[in-house]
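Protein chains in written order, with the working numbering: chain A, 2 to 251; chain B, 2 to 251.
Glycine included, C-beta positions come from ideal geometry on N, C-alpha and C.
Reading through the structure tokens given below for one structure.
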DNA sequence: CGTCGTTCTTGATCCAGATCAAGGGTACGC
DNA sequence: GCGTACCCTTGATCTGGATCAAGAACGACG
């Protein structure tokens with residue numbers, strides 16, 4: 002039903018552009034088009050303003066803090082983190098983004114990117130000029146709505162992260178959330194590959210890397226997950242969900 | 002220059018509606034109108050879709066969690082908090098909103114309010130039907146832009162809160178941020194009245210009320226602020242800013 | 001195929017801030 | 001004017017997770 006994102010990467014971009022209906026079915030903006038009833042002209046407009054960029058190798062910056070805000074990036078393949086580094090050199094991971102998700106929305110207001118975006122594995126994007134896509138959004142109410150929804154969704158995500166919760170609840174919520182997001186993109190719901198290190202997970206969850214490691218070990222020992230390195234399988238969703246419930250606001 | 006928000010409250014709403022140019026100069030959407038070059042027709046459209054509501058007495062709910070999302074609320078007067086209460090009864094204050102700011106944007110994606118909004122003192126609002134204002138935004142690019150900016154701004158606010166910072170840095174950032182927001186609305190920049198209790202500040206900053214109290218005492222003893230109950234004066238902005246710098250991302 | 005650097009795990013100790021406890025201040029209703 | 005209920009402050013103790021330390025596993029590369 003939903004095409005696997007990596008398929009998209011393998012496509013020849015030019016051939017892709019010609020195939021209006023099948024164009025990036027995993028894209029964050031595809032919903033906007035389908036709502037507009039597969040309006041061919043609308044799709045063509047989206048095609049014209051999108052730029053396919055990548056690959057960015059692991060560790061490469063997609064944009065940097067203080068760069069002037071020009072574009073938002075929809076992930077086509079790979080994984081990215083956004084990270085704010087404060088004056089004392091502490092890394093704050095603001096978010097991880099998987100195929101189908103959009104990076105850079107937090108730069109609209111300040112008009113400069115407030116964080117770095119760094120590829121965690123080779124990554125490909127659709128880059129949308131923000132001024133162009135918002136101009137198009139005035140003609141496509143579905144697209145405007147989609148942008149509002151993306152922003153509001155990110156807002157919810159961030160405030161969940163801001164709550165004060167026990168370390169094990171945070172880690173459980175991290176796993177559940179990531180698994181659900183992968184599932185929403187058509188990946189298997191129970192197995193996941195973590196593109197990020199324990200330290201990066203810790204920076205995201207505001208924990209120490211040692212704490213994340215200990216908790217994952219504990220989850221494994223108590224049969225909640227199976228894990229080997231960065232491969233994780235969720236064995237017992239129910240108790241993990243229970244742990245994560247307050248974090249995820251359910 | 003900027004009219005004091007409370008003035009607006011004192012106006013007779015109907016007379017207000019007749020005075021297109023002076024209509025709610027502190028309103029979060031006034032920028033959209035001025036960008037549109039004081040387009041009279043546009044202002045009239047905004048007038049038509051806005052509803053003046055209030056007063057809500059201290060402790061009254063403006064909306065509740067799980068209510069279907071219909072409208073966003075621009076604060077005309079008073080102060081509101083948004084608060085998420087988890088299954089264990091822990092209160093998480095998500096934000097405080099003062100005149101000129103907009104509440105409810107985090108409900109767009111889930112389509113239900115994810116939190117309660119509660120007045121901290123008698124409060125008045127402009128209520129905008131979200132479907133109506135987003136429909137209008139397709140005709141007024143400035144208004145659309147303003148909505149994007151409001152969402153993105155809130156995103157930045159929330160991720161600053163999510164960072165892990167020492168308690169004194171959080172409290173300093175809270176004071177500086179609130180003072181700047183009041184200043185942006187034309188209030189005196191150094192004196193501020195806290196509409197919220199210590200416990201509410203603590204719930205917002207993810208600290209214990211005792212910790213907030215101790216830190217305010219320490220700030221007072223070291224001459225950074227003067228305070229008496231909920232009246233606070235910032236005496237030494239520089240060292241407070243220095244403390245808050247990492248939190249505020251500067 | 002071994003070496004080196006990185007990442008992950010596990011153990012021992014420490015500390016910032018939570019929690020528990022108690023007293024004093026303040027505002028409001030009667 | 002006097003309860004009464006909350007809010008704020010201050011002190012004493014406790015604890016979850018950070019930090020420090022040291023191996024162990026892994027991956028990249030010559």
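Between residue i and residue j, what straight-line distance do the alpha-carbon atoms span, to the nearest angstrom?
i: residue 93 of chain B; j: residue 143 of chain B; result: 33 Å
i: residue 170 of chain B; j: residue 51 of chain B; result: 39 Å
i: residue 131 of chain B; j: residue 182 of chain B; result: 24 Å
i: residue 64 of chain B; j: residue 203 of chain A; result: 35 Å
i: residue 62 of chain B; j: residue 174 of chain A; result: 29 Å
i: residue 126 of chain A; j: residue 53 of chain A; result: 6 Å
i: residue 241 of chain A; j: residue 218 of chain A; result: 14 Å
i: residue 85 of chain B; j: residue 197 of chain B; result: 16 Å
i: residue 110 of chain B; j: residue 150 of chain A; result: 5 Å
i: residue 177 of chain A; j: residue 88 of chain B; result: 18 Å
i: residue 226 of chain A; j: residue 118 of chain B; result: 38 Å
i: residue 205 of chain B; j: residue 155 of chain A; result: 19 Å
i: residue 180 of chain B; j: residue 244 of chain B; result: 15 Å
i: residue 1 of chain A; j: residue 133 of chain B; result: Lying outside 2 to 251, the shown extent of chain A, residue 1 of chain A is not represented and no answer is given.
i: residue 208 of chain B; j: residue 215 of chain B; result: 11 Å
i: residue 73 of chain B; j: residue 246 of chain A; result: 27 Å
i: residue 251 of chain A; j: residue 115 of chain B; result: 10 Å
i: residue 229 of chain A; j: residue 104 of chain A; result: 29 Å
i: residue 136 of chain B; j: residue 239 of chain B; result: 45 Å
i: residue 90 of chain B; j: residue 83 of chain B; result: 15 Å
i: residue 192 of chain A; j: residue 220 of chain B; result: 50 Å
i: residue 234 of chain A; j: residue 81 of chain A; result: 21 Å
i: residue 188 of chain A; j: residue 222 of chain A; result: 26 Å
May I ask which residues mark the beginning and end of the alpha helix (DSSP H) holding residue i?
i: residue 214 of chain A; result: 210-222
i: residue 199 of chain A; result: 199-206
State the DSSP-derived secondary structure class of residue i, mapped to helix, strand or coil.
i: residue 166 of chain B; result: coil
i: residue 64 of chain B; result: strand
i: residue 59 of chain B; result: coil
i: residue 72 of chain A; result: strand
i: residue 191 of chain A; result: coil
i: residue 171 of chain B; result: helix
i: residue 251 of chain A; result: coil
i: residue 77 of chain B; result: strand
What residue does the beta strand (DSSP E) around residue i start on, and which one ends it?
i: residue 227 of chain A; result: 226-229
Give me, in chain order, the residues of the same chain whose beta-carbon lies closer than 8 Å to that of residue i; leave out the 5 immediate sequence neighbours on both sides.
i: residue 123 of chain B; result: 55, 56, 57, 58, 59, 78, 79
i: residue 224 of chain B; result: 236, 237
i: residue 159 of chain B; result: 95, 96
i: residue 248 of chain B; result: 161, 164, 166, 170, 171, 173, 174
Excluding the 5 residues preceding and the 5 following residue i in the sequence, name in chain order all residues of the same chain whose CB lies nearer than 7 Å to its CB.
i: residue 148 of chain A; result: 138
i: residue 184 of chain A; result: 190
i: residue 113 of chain B; result: 67, 68, 69, 70
i: residue 210 of chain A; result: 199, 200, 203
i: residue 194 of chain A; result: 231, 232
i: residue 157 of chain A; result: none
i: residue 168 of chain B; result: 208, 212, 216
i: residue 152 of chain A; result: 106
i: residue 1 of chain B; result: Chain B is shown from 2 up to 251; residue 1 of chain B falls before or after that span and cannot be answered.
Does the ligand HEM have a heavy atom nearer than 6 Å to the CB of residue i?
i: residue 117 of chain B; result: Absence of the ligand HEM is noted for the structure shown, with no ligands found whatsoever.
Identify, in the order they occur along the chain, each residue of the same chain with its Cβ nearer than 6 Å to the Cβ of residue i, setting aside the five sequence neighbours on each side.
i: residue 128 of chain A; result: 52, 54, 72, 74
| task | Pick out the complete beta strand (DSSP E) segments inside the region 79-151 of chain A, 3 residues or longer, and give them in chain order. | result | 81-86, 92-98, 117-120, 124-130
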